[in-house]
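The sequence shown lines up with residues 1 to 256 when you count with UniProt numbering.
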Amino acid sequence: MKMNIDNYSINYKITGHGETVVILQGWGTSMDLYDTIAGSINSHYRVIQLDFPGFGQSDEPKEPWSVDDYADFVLKFLNKLEVKEASFIGHSYGGRVIIKLASRDSLPIKINKLVLIDSAGILPKKTFKQKVRIKIFKTVNRLSRTKLAQAFFKDAIESWKSKQGSADYRNASPIMRQCLVKAVNEDLTAYLSKIKAETLLIWGDKDTATPISDAYIMEKAIPNAGLVVLKGAGHYSFLDQPYIFDRVMKSYFKIS
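So this is what it looks like as structure tokens:
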């Protein structure tokens, strides 16, 4: 299904009936990746899935959005669906958005439960090697904007730039790259203690994108949080350990 919000065409779908649960996706994914999560609970719940602007089949933002911009968008989206109360499930980047939402002092909707799956939000400490690489990148980037560089070395500079950064960064459009930079440079640790809703953390112990150490930080900081570690699972723990994940979800949402 499609919905128009602020002149953006947004892709979404709804399955099941009952109390509302909203699934927010990880960076650069399609909402269909999370069908198995929806399938774990939509026998008893109304599950809403959507593609964020710039993800899947939804229109890209016209300017670089911050995590707060995406949180504001989610509220507009739910308002259009007349959702007044919901639980939220977020994977990776979707977890960032949930943290920003759930930590706000006031919201137009009531949040019941939260599930954060291999969630992003903790800013890692940079190694000396990473700091050096960042400094080199910033220097080259600054020099590349000079007339001399553009005249004689434009192709070489663009080729070098295209090989820098993470796979998510390299695969993103110019606008979405700026959105990603805004996200990864913001540490959400200070927001965790403001989350009032009951929160389940689900993590793969082999996650290298958002390491298990992040899960322990969140478990300690969020007042009403519990952690389930899925052995042998990576950043997509719900896909790596589908049976155990399904049982955990059914237990948390009280589905017999």
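Every residue, glycine too, gets a C-beta built ideally from N, C-alpha and C. For clarity, every value in this text was computed on a predicted model and none was experimentally measured.
Taking the DSSP output, what are the residues bridged to residue i?
i, result
"W65", "According to DSSP, W65 bridges with nothing at all."
"S251", "Beta-bridge pairing links S251 to no other residue."
"T15", "V47"
"H235", "Bridge partners of H235: none, in fact."
"Y191", "Answer is none; Y191 lacks a bridge partner."
Cβ of residue i versus every heavy atom of the ligand NAP: is any distance shorter than 6 Å?
i, result
"P64", "Absent from the structure shown: the ligand NAP. Ligands present: none."
Give me the Cα-Cα distance between residue i and residue j, rounded to the nearest whole angstrom.
i, j, result
"I255", "P174", "43 Å"
"M3", "Q49", "12 Å"
"G95", "E82", "22 Å"
"L101", "Q241", "28 Å"
"A225", "I195", "9 Å"
"P64", "Q178", "6 Å"
"R247", "F253", "10 Å"
"R104", "G121", "15 Å"
"E19", "E85", "8 Å"
"D32", "Y236", "14 Å"
"I222", "S193", "5 Å"
"V97", "G232", "26 Å"
"G39", "S87", "15 Å"
"I5", "Y70", "12 Å"
"I14", "L107", "23 Å"
Just to confirm, is the Cβ distance from residue i to residue j under 7 Å?
i, j, result
"S30", "G56", "yes"
"V67", "A183", "yes"
"I41", "M249", "yes"
"D118", "T210", "yes"
"L123", "D205", "no"
"V47", "G16", "yes"
"residue 283", "I217", "With the chain running from 1 to 256 in the structure shown, residue 283 is simply not present."
Around the C-beta of residue i, are 16 or more other C-beta atoms found within 10 angstroms, so that it is buried, or is it exposed?
i, result
"A167", "exposed"
"L180", "buried"
"A215", "buried"
*asked:* Using 8 Å as the cut-off, can you tell me whether the stretch 191-199 makes contact with the stretch 103-119, which would need three or more C-beta pairs spanning the two stretches below that distance?
replied: As far as the Cβ criterion goes, the stretch 191-199 touches the stretch 103-119, which means the pair count is three or higher.
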